[in-house]
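Undergrad: Protein chains in written order, with full-length UniProt numbering: chain D, 1 to 583; chain L, 1 to 171.
Positions of the beta carbon are idealized from the N, C-alpha and C atoms, including for glycine.
Please read through the structure below; I'll follow up with questions.
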Amino acid sequence: MTEKSGADILVEALCDLGVEVVFGYPGGAVLPIYDAMFRSKRIKHVLVRHEQAATHAAEGYARATGKPGVVLVTSGPGATNAVTGITDALMDSIPMVVITGQVPTTLIGSDAFQEADTVGITRHCTKHNYLVKDPARLGAVIHEAFHIATSGRPGPVVVDIPKDVQVASARYAKPGPIQHKTYRPALKADRAAIEQVVDLLAAAERPVLYTGGGIINAGPGASQLLRELVRLTGAPVTSTLMGLGAFPASAPQWLGMLGMHGTYEANLAMNEADLIVNIGARFDDRVTGRLDAFAPNSRKVHIDIDRSSINKTVRIDHAVVADAGHALEDMVRLWKARQHPKPDLDAWWRRIEGWRARQCLSFPEDAASDVIMPQRAIRALHEATKARQPIITTEVGQHQMWAAQHFGFELPNKWLTSGGLGTMGYGLPAAIGAQLGNPNALVIDIAGEASIQMNIQELATATQYRLPVKIFILNNEYMGMVRQWQELTYESRYAESYSDSLPDFVKLAEAYDWKGIRIDTREQLDGGIADMLAHDGPVMVDCRVAKLANCFPMIPSGAAHTDMILQANEVSGTMDDEAKALV
Amino acid sequence: MHIREETAERHTLAVIVDNEPGILARIAGLFTARGYNIESLTVSEITADKAVSRITIVTSAGPATLEQIVAQLDRLVPVHRVHDLTAEGDHVERELAMVKVRGTGDHRIEALRLADVYRARVVDATTSSFVFEVTGGRAKIDKFVELMAEVGLIEVARTGIVAIARGSEAA
């Protein structure tokens, strides 16, 4: 076997792993790798305009395709710019491998040009990371990095490769299946653990299935199994932000999202349930609200592939450490084998219908006014696009919550949002990644006018690769969620939350060779959306919406599920210090 | 508003890890990143091929946090296994200290007499000083150091706790 350079080994290993697309940005410490890619021509490289965008694009690609996202950046600023997206992928369990260049091993620690301690900086924002000092180890490390990123609870893995290791030569052979010495995530639960969950579900009078991103990560099959389990048990389903699409929003058992901006019926059902079955969610603070008042009279089952998620914030009665898909499959099979009849949940559903009758997602709208309510804009966008099963990405803020509330998701892998880290600037690069993975899909970034500016430079990336992504900006001229919290907590003192000096988004779009559309009035809404959809290239829509609309329902930080604010007139404008200290 | 704290109890953990670069930083960093306490941490290779290390960590935390500490350590990729020796049953803990004492005249004799009671060995001596080596539980060493302070303590070096489960089984 002949030797080849570390850079060639890397490219060959990536090809062996089936990598089709790499999102990256060149620089001094990765020049050998870029040259190897240039010569090999086997991997498509997408040149972003900022390394943070490379990581979000890789996340979008991963979330929309189920395949790991791959990033290639240089040392120093290339790596530090990638840190936000790496952390985002860690929080949202997105499989991602980030290759970073590093100064040569002989210069490490000398404060060399563009040197940063990349493994040190990323140690706690990755699932695992490596500094490769020996080209003979490089191939094995790359394969191991993909194994770790994609198995168990997925997450980002960084491989830092010094420039001399890219140039030095060694042998490479494609390894067989990886049997890692220490890392062996358990996929299947004990039969006894599953039996107990099935028994609890069969006996429950007021069950709720509380589902999360773990079901999306387990693959489309897991979403099918969830639908089957609901068909068998008749149990109501709610989901976290990350889990939207695992269960169809049009199904009668769908309660809507739960948590801080969840529906009244979802949160009240959680509060009154006698059994909560958490499948692939993690009792995040956005979901639980005040912990000592969270689902107080329920038995709690938690199915999670990550043992450290269990009992982290909420005490669990019955823990199942397993992949969501395997656990659902076992539950469905056992339920059928035991020939459990469908439980009689009529009384429970009657109570849920009572909560539903509050129509918590309705919003005030003046029929005589021209002003577009942001909720109306989302609903119009949903109506106009639902037949095409679009992939929706978002930025972070009010528009994100309105999209989660008012855009009905029917399928997994169609909803890409930054949940755990809450990263403004996620949506545009994520849409670019999703579009690359699904060239024929309709991909729309629902954005706010503030968030979109955080990675606005990526307009050029979409232009360069002829990606027909759409950006739909709900422009209210405020960092709306910040302003909303200032109204809730600080008597509407709007400290720095006004979006001053906004660009003309239509002209900006045109400057990047995009189509720009402005929608000012309700009358123009459907037509503007139709124009956006009719254009086969990228389009940025500046949709002017009501400036002071707020996102309800809302459970204020630190409040119980029963203390929801349903309407703006229930806002008091002040909070005590305990509540002020919460995020 | 005041910040509340959880009532803590002291636990000794044995963490068996693959001996790769950065593993100690990974573990120590986990404790700081998640706000856990480290009272003592010792690490050493334990296999002939130097591939595996045993890290003994003494931490204090409430029961829920302790469960999290074990689970968080266990999910680090290079970690083979984690044992909460305090929770798992009887174990023995030992620490080694080297205690340098100024010793002339009566103090010299008193220091040697106390060392004898505490089964401390003299590992270095000059006409004006001793270095004692003493092993034992934390309380015994604390007490010995306290007594030496009265007769002329110069400085102390302690290893931190190492611990192992009683009985014939490996942890």
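Could you say which of V208(D), K174(D) and R153(D) lies nearest to R184(D) if we only look at CA atoms?
TA: Considering only alpha carbons, the answer is R153(D).
Undergrad: Using a C-beta to C-beta distance shorter than 8 Å, which residues of chain D count as neighbours of E93(L)?
TA: Chain D residues near E93(L): none, gap ~26 Å exceeds 8 Å.
Undergrad: What does DSSP give as the partner residues of Y264(D) in its beta bridges?
TA: DSSP lists no partner for Y264(D).
Undergrad: Under the three-state reduction of DSSP, which class applies to Q375(D): helix, strand or coil?
TA: Q375(D): helix per DSSP, three-state reduction.
Undergrad: Any C-beta of chain L within less than 7 Å: which residues of the segment 179 to 196 of chain D qualify?
TA: Result list: K181, T182 and Y183.
Undergrad: Enumerate in chain order the residues of its own chain whose CB-to-CB distance from residue 590(D) is below 8 Å, with the five nearest sequence positions on each side excluded.
TA: The first residue shown for chain D is 1 and the last is 583, placing residue 590(D) beyond what the model contains.
Undergrad: Considering Cα atoms alone, identify which of G221(D), L566(D), R315(D) and A64(D) is closest to C360(D).
TA: Minimum Cα distance to C360(D) is reached at L566(D).
Undergrad: Who are the neighbours of H128(D) on chain L, taking C-beta pairs under 7 Å?
TA: Near H128(D) (Cβ distances below 7 Å), the residues of chain L are V77.
Undergrad: Report the option in E6(L), E5(L), R166(L) and R4(L) whose CA atom is closest to the CA atom of E88(L).
TA: Measuring from the Cα of E88(L), the nearest candidate turns out to be R166(L).
Undergrad: For the alpha helix (DSSP H) containing F505(D), list its first residue and its last residue.
TA: Here the alpha helix (DSSP H) through F505(D) covers F505 to A511.
Undergrad: Taking only the alpha-carbon atoms, compute the straight-line gap between T574(D) and Q486(D) and give it to the nearest angstrom.
TA: Looking at the two C-alpha atoms, the distance is approximately 9 Å.
Undergrad: Assign I3(L) to one of two classes, buried (16 or more other C-beta atoms within 10 Å of its C-beta) or exposed (fewer than that).
TA: I3(L) is exposed by the Cβ-count criterion.
Undergrad: In three-state terms, what does DSSP make of N217(D)?
TA: Helix.
Undergrad: CB-CB under 8 Å to P175(D), same chain, minus the five flanking residues each way: which ones, in chain order?
TA: G139, A140 and H143, listed in sequence order.
Undergrad: What residue does the alpha helix (DSSP H) around M91(D) start on, and which one ends it?
TA: Unbroken alpha helix (DSSP H) run through M91(D): P77 to M91.
Undergrad: Would you check if the distance between the CB atom of I519(D) and the CB atom of I372(D) is smaller than 9 Å?
TA: It is a contact, given that the beta carbons lie within the stated cut-off.
Undergrad: Run through DSSP, which three-state label would Q179(D) get?
TA: It is coil, neither helix nor strand.
Undergrad: Quick check on the DSSP output: what are the complete beta strand (DSSP E) runs of length 3 or more inside the segment 90 to 135 of chain L, in order along the chain?
TA: Qualifying beta strand (DSSP E) stretches, in chain order: 91 to 102 and 121 to 125.
Undergrad: Using C-beta distances below 6 Å, list every residue in its chain close to D16(D), excluding the 5 sequence neighbours before and after it, in chain order.
TA: Only K174 meet the Cβ criterion.
Undergrad: Do S129(L) and V101(L) count as a contact pair if the criterion is CB distance below 9 Å?
TA: The answer is yes: Cβ separation under 9 Å.
Undergrad: Determine, for H83(L), whether the minimum Cβ-Cβ distance to residues of chain D falls below 9 Å.
TA: No, H83(L) does not count as interfacial toward chain D.
Undergrad: Can you give me, in chain order, the residues of the segment 280 to 310 of chain D that have a beta carbon less than 7 Å from any beta carbon in chain L?
TA: Listed in sequence order: D306, R307 and S308.
Undergrad: Below 8 Å on the Cβ atoms is my guess for I16(L) versus V52(L); work out the distance and round it to an integer in Å.
TA: That belief holds up - the Cβ atoms of I16(L) and V52(L) are roughly 6 Å apart, short of 8 Å.
Undergrad: Find the residues of chain D that neighbour E67(L), judging by a C-beta separation of less than 8 Å, and give them in chain order.
TA: Neighbours of E67(L) on chain D, chain order: N311.
Undergrad: When you compare the CB positions of T65(D) and G437(D), do they come within less than 9 Å of one another, or not?
TA: Contact: yes.
Undergrad: Determine which residues of the segment 138 to 150 of chain D have a Cβ less than 7 Å from any Cβ of chain L, and write them out in chain order.
TA: If the cut-off is 7 Å between Cβ atoms, the segment 138 to 150 of chain D has I148 near chain L.
Undergrad: Enumerate in chain order the residues of its own chain whose CB-to-CB distance from P220(D) is below 6 Å, with the five nearest sequence positions on each side excluded.
TA: These residues qualify, in order along the chain: P412.
Undergrad: What is the rounded straight-line gap between the Cα of A266(D) and the Cα of M257(D)?
TA: So the two alpha carbons sit approximately 7 Å from each other.
Undergrad: Kindly indicate which three-state DSSP category P63(L) falls into: helix, strand or coil?
TA: Correct three-state label for P63(L): helix.
Undergrad: Let me know if T2(D) comes out buried or exposed under the rule of 16 or more other beta-carbons within 10 Å of its beta-carbon.
TA: Burial call: exposed.
Undergrad: Please say whether A380(D) and I529(D) have beta carbons closer to each other than 9 Å?
TA: Contact flag set, yes.
Undergrad: For R121(L), return the contacting residues in chain D, with the cut-off set at a CB-CB distance below 8 Å.
TA: Near R121(L) there are no residues of chain D at all, since even the closest Cβ is about 39 Å away, more than 8 Å.
Undergrad: Would you decide whether G137(L) is buried or exposed? Buried here means 16 or more other CB atoms lie within 10 Å of its CB.
TA: G137(L) comes out exposed.
Undergrad: My guess is that G85(D) and Q52(D) are in contact by the Cβ rule of under 8 Å, so how many angstroms apart are they, rounded?
TA: That belief holds up - the Cβ atoms of G85(D) and Q52(D) are roughly 5 Å apart, short of 8 Å.
Undergrad: Can you tell me whether DSSP reads N271(D) as helix, strand or coil?
TA: It is helical.
Undergrad: Hey, how far is the Cα of L201(D) from the Cα of E272(D)?
TA: Rounded to the nearest angstrom, the two C-alpha atoms are 16 Å apart.
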